[in-house]
Amino acid sequence: GNSVTQTEGPVTLSEEAFLTINCTYTATGYPSLFWYVQYPGEGLQLLLKATKADDKGSNKGFEATYRKETTSFHLEKGSVQVSDSAVYFCALKGSQGNLIFGKGTKLSVKP
Amino acid sequence: ETGVTQTPRHLVMGMTNKKSLKCEQHLGHNAMYWYKQSAKKPLELMFVYSLEERVENNSVPSRFSPECPNSSHLFLHLHTLQPEDSALYLCASSRDRGGGQETQYFGPGTRLLVL
């Protein structure tokens, strides 16, 4: 069945450090892939998405590239800020239209 | 502002109580979803509605009862819950249910505590 595996947190970085959160998936075909972010006390917000292989999604300095050969969609940012502290979820779109999420990765950025 | 609102934001209830969670979307979408977010577990899809018709129920216990009176509103009726039902309940909507490119937009969630 479809599944998503992502970096197990928590991840703690200093401000301006480089961020990578790994995401790999198992699925039939080539599903759309998403990164959602959840700030403390809030719901999920779409951060970026990619709908086909080799697509790069980007938003707010974050990037992720859809790699079908490695079934991955790793999230990267060159210089994190304290305001990026949140929980990040990788997800894929299932055949029924539902989202299948990873367990989430908590990121804490220290000044 | 995501265009999806949920009320209440926090709820404490006893195991014999009956309560309802409300979700409203202002995006003109046709599909709405209930998800459950428990500590240390992935987000779990509970129910999906498309054009006000329930199309998926992921083996959710009958103590959770959804209702979708129109495409803008979604309710989750709760009765005789268990402490393990304590979680964050998230509502989402999308333009349509299917389609690989459809994005789901989430509300802020209702934090439920069952005592």
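Going down the list, the protein sequences come from chains S and E. So in the working numbering the end of the first sequence lands on 111, straight run, no missing numbers. So in the working numbering the end of the second sequence lands on 1115, straight run, no missing numbers. In this text, a Cβ means the ideal position worked out from N, Cα and C, and glycines have one as well. The structure displayed is predicted, hence computed values, not measured ones.
Counterpart residues of residue i in DSSP-defined beta bridges
{"i": "H1010/E", "result": "R1111/E"}
{"i": "C23/S", "result": "Q6/S"}
{"i": "R1097/E", "result": "Paired residues: none, contrary to the question."}
{"i": "Q1025/E", "result": "V1004/E"}
{"i": "Q45/S", "result": "V37/S"}
{"i": "M1015/E", "result": "Paired residue(s): none; M1015/E is not in a bridge."}
{"i": "V82/S", "result": "Answer by DSSP bridge pairing: none, since V82/S is not bridged."}
{"i": "F89/S", "result": "Y36/S"}
{"i": "F1106/E", "result": "A1092/E"}
{"i": "S1020/E", "result": "H1077/E"}
N-terminal and C-terminal residue of the beta strand (DSSP E) that residue i is part of
{"i": "V37/S", "result": "33-38"}
{"i": "L11/S", "result": "It is worth fixing the name first, because residue 11/S is Val in this sequence and not Leu. 11-14 is the extent of the beta strand (DSSP E) around V11/S."}
{"i": "N59/S", "result": "56-59"}
{"i": "A1092/E", "result": "1087-1094"}
{"i": "T1080/E", "result": "Element bounds for T1080/E: n/a, residue is neither H nor E."}
{"i": "F1064/E", "result": "1064-1070"}
{"i": "M1046/E", "result": "1044-1050"}
{"i": "S108/S", "result": "105-110"}
{"i": "R1054/E", "result": "1053-1057"}
{"i": "Y30/S", "result": "It is not in any beta strand (DSSP E) - Y30/S carries neither H nor E in the DSSP assignment."}
{"i": "E63/S", "result": "62-65"}
{"i": "E76/S", "result": "75-77"}
{"i": "K1036/E", "result": "1031-1037"}
{"i": "F101/S", "result": "99-101"}
Close Cβ partners of residue i (< 7 Å) along its chain, the five nearest in sequence each way excluded
{"i": "K68/S", "result": "Y30, A53"}
{"i": "Y39/S", "result": "A86"}
{"i": "E1024/E", "result": "T1005, S1072, H1073"}
{"i": "S1087/E", "result": "Here the sequence assigns Ala to residue 1087/E, which means Ser is not the residue at that position. Once the five neighbours on either side are set aside, the close Cβ partners of A1087/E are K1036, Q1037, S1038, L1112."}
{"i": "P1008/E", "result": "T1110"}
Neighbour list for residue i in chain S, Cβ cutoff strictly below 7 Å
{"i": "T1103/E", "result": "L46, K49"}
{"i": "G1107/E", "result": "G43"}
{"i": "R1097/E", "result": "G97"}
Residues near residue i by beta carbon distance below 8 Å, same chain, minus five either side
{"i": "P10/S", "result": "T105, K106, L107, S108"}
{"i": "K56/S", "result": "A50, E63, A64, T65, Y66"}
{"i": "L1043/E", "result": "Y1035, K1036, Q1037, L1090"}
{"i": "T1016/E", "result": "T1080"}
{"i": "G61/S", "result": "K77, G78, S79"}
Closer than 8 Å at the beta carbon, the chain E residues around residue i
{"i": "K103/S", "result": "K1040, K1041, P1042"}
Amino acids of chain S, ordered along the chain, whose beta-carbon sits closer than 8 Å to that of residue i
{"i": "V1048/E", "result": "Q96, G97, N98"}
{"i": "E1067/E", "result": "In chain order: nothing, as chain S lies at least about 19 Å away."}
Within chain S, the residues that residue i reaches when beta carbons sit closer than 9 Å
{"i": "E1056/E", "result": "Q96, G97, N98"}
Within-8 Å CB hit, residue i to chain A
{"i": "H1029/E", "result": "No chain A is part of this structure, whose protein chains are labelled S and E."}
Cut-off 6 Å between Cβ atoms - residues of its own chain near residue i, not counting five sequence neighbours on either side
{"i": "S45/S", "result": "Reading off the sequence shown, one finds Gln at residue 45/S, where the question assumed Ser. The residues are V37."}
Task: Residues of the segment 49-83 of chain S whose Cβ lies closer than 8 Å to any Cβ of chain E, in chain order - done: K49, T51
Task: chain S contacts made by the segment 1033-1044 of chain E, where a contact means CB separation under 9 Å - done: Y1033, Y1035, Q1037, K1040, K1041, P1042, L1043, E1044
Task: Chain-ordered residues of the segment 1071-1099 of chain E with a beta carbon less than 9 Å from chain S - done: L1088, L1090, C1091, A1092, S1094, D1096, R1097, G1098, G1099
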